[in-house]
Amino acid sequence: CFHLSAHTAFTAIQNSRQKSSMDFSKPKSFSISKLLFQENEICTLCQQRVYPMERLVADKQSFHKSCFRCHHCGSQLSLGNYASLHGQIYCKPHFKQLFKSKGNYDEGFGHKQHKDLWKPKDQCSSAAK
Numbered sequence: 001c002f003h004l005s006a007h008t009a010f011t012a013i014q015n016s017r018q019k020s021s022m023d024f025s026k027p028k029s030f031s032i033s034k035l036l037f038q039e040n041e042i043c044t045l046c047q048q049r050v051y052p053m054e055r056l057v058a059d060k061q062s063f064h065k066s067c068f069r070c071h072h073c074g075s076q077l078s079l080g081n082y083a084s085l086h087g088q089i090y091c092k093p094h095f096k097q098l099f100k101s102k103g104n105y106d107e108g109f110g111h112k113q114h115k116d117l118w119k120p121k122d123q124c125s126s127a128a129k
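Heads up: the sequence shown at position 46 corresponds to 46 in the UniProt record's numbering, and the numbers run straight through without jumps.
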């Protein structure tokens, strides 16, 4: 009778330990889609898979560390020495140089000046008549 109750007590303790360890080992919320998305991230430049250890995220885009280069000169960059405009990544010296070449962030970087998109005043006044 004592052996049976000791065995029953031992089994009850083991079961309670298993339940409590299972409760602590499971995350409160688990999302497979988040894990799959992170595993399947693609480098913006080379379009190849980026694994977490080699991933660098800048401007909400993923890059391989080796692909994170200046659009103008190709020098390798880090998160501390880059600037971006219109989705392109630049080293800070070329970013400044391209801005200074035309005096604005559009023409210096090969884009049409934003003010050229505005309608001339005479077209606006004639359209209103």
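Ideal Cβ placement from N, Cα and C applies to all residues, glycine included.
Buried/exposed call for residue i, threshold 16 Cβ in 10 Å
{"i": "Ile89", "result": "buried"}
{"i": "Tyr82", "result": "buried"}
{"i": "Cys70", "result": "buried"}
Euclidean distance between Cα positions of residue i and residue j
{"i": "Ala58", "j": "Ser78", "result": "9 Å"}
{"i": "residue 132", "j": "Pro93", "result": "Not covered by the structure: residue 132. The range shown for the chain is 1 to 129."}
{"i": "Gly87", "j": "Lys60", "result": "10 Å"}
{"i": "Gln48", "j": "Phe95", "result": "27 Å"}
{"i": "Val50", "j": "Leu56", "result": "9 Å"}
{"i": "Gln97", "j": "Ser75", "result": "15 Å"}
{"i": "Cys73", "j": "Lys65", "result": "16 Å"}
{"i": "Gly80", "j": "Glu41", "result": "22 Å"}
Whether residue i touches residue j by CB criterion (8 Å)
{"i": "Cys67", "j": "Cys43", "result": "yes"}
{"i": "Phe63", "j": "Leu45", "result": "yes"}
CB contact check: residue i to chain C, cutoff 8 Å
{"i": "Lys96", "result": "No chain C appears in the structure shown, which is made up of a single protein chain."}
In chain order, which beta strand (DSSP E) runs of at least 3 residues are fully inside the UniProt domain "LIM zinc-binding" (41-101)?
55-58, 61-64, 82-85 and 88-91
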